[in-house]
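Read in order, the letters of the sequence shown are residues 0 to 164 in numbering that gives the first Met the number 0. Here's the structure, in C-alpha cells; my notes come after.
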Amino acid sequence: MPDLDDVHLQKIEAVAHSEAMELLRSIHSMQPFPKVDALGIERHGFGRPIRKRPISEYAASVALSEDVKATVETLRVRVFELVAVHPEATSRLKYLYAIADLLGAEKVKDWSGLWDCLRRQDWDGAAVELLTAQWDRLFACDNLSKRHVMRLVHEVSRPNWGSYA
C-alpha cells in the first residue's frame with residue numbers, strides 16, 4: 000500500500016489537479032466580479048463560491064499579490080516621475096502602494112495635490128493631503144485599522160524617508 004507521501008501518488012494528484020482545473024474552467028467562464036448564480040450562490044473567478052467556504056491563506060495571498068500588482072501598474076507613471084526627481088523615495092513606495100490599494104489606485108493616481116507635494120518634498124503637505132481621505136468610511140471607525148493607516152501616512156510624510164526598524 001502506498002504511503003501518502005509517496006512521490007508517485009503526489010504526481011498522480013498533481014496531474015489530476017491540473018486536469019480538474021481545466022475541466023472547471025471549461026464549465027465556468029471567468030467572472031471577475033461576484034455574481035449570484037441560479038441557485039442563489041454568489042460566485043466569482045472560475046465559479047468559486049463566496050461565503051460558502053472560507054478562503055485559504057494561500058488564495059488570499061495570491062489575490063492580494065494580484066491587487067498590489069494592479070496598483071503598481073496603475074501608479075507606474077506617477078512613481079517613475081517621483082523617483083526620477085527623488086531617487087531616495089524608493090524606500091517609501093511600499094507605503095504609497097499600500098495607501099493606494101486601500102483608497103483605490105485610480106484615485107491616488109489622479110490625486111494631483113498629493114503628487115505635487117511629494118515632488119516638492121513637502122512632507123507635511125503630503126500628510127495633510129492623505130489625511131483628507133475619508134478613512135473613517137473605509138474602516139467603519141475601527142481604531143486599530145485607523146492606527147495602521149495613520150502609520151502609513153506618517154511614514155510617507157517623514158522628511159528623511161527613513162523607515163521603522
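The beta carbon of each residue, even a glycine, is placed where N, CA and C say it ideally should be.
Item: Secondary structure of Ala164, DSSP reduced to three states; Value: Caution is warranted here: a pLDDT of 38 is assigned to Ala164, below 50, making its placement in the model unreliable, and no coordinate value can be reported.
Item: Within 7 Å, strictly: CB atoms of Leu113 and Glu128; Value: yes
Item: Three CB pairs or more closer than 8 Å across the segment 24-32 and the segment 64-71; Value: no
Item: Start-end ranges of the beta strand (DSSP E) lying completely within the segment 15-102, minimum 3 residues; Value: 30-35, 41-44
Item: Stretch-stretch touch, CB-based, cutoff 8 Å, three pairs: the segment 43-52 with the segment 76-96; Value: no
Item: Classification of Asp25 by the beta-carbon crowding that lies within 10 angstroms, buried from 16 upward; Value: Looking at the sequence provided, one finds Ser at residue 25 rather than Asp. With fewer than 16 Cβ atoms within 10 Å of its Cβ, Ser25 is classed as exposed.
Item: Limits of the alpha helix (DSSP H) - the one that Trp122 falls within; Value: 122-130
Item: Which of helix, strand or coil DSSP assigns to Arg118; Value: helix
Item: Simplified DSSP assignment, three categories, for Arg157; Value: coil
Item: Contact under 7 Å by Cβ, Ala99 with Val107; Value: yes
Item: Best match in Lys93, Arg146, Asp135, Thr70 for proximity to Ala104 [C-alpha to C-alpha]; Value: Thr70
Item: Proximity winner among Leu92, Asp141, Val84, relative to Arg119 (alpha-carbon distances); Value: Val84
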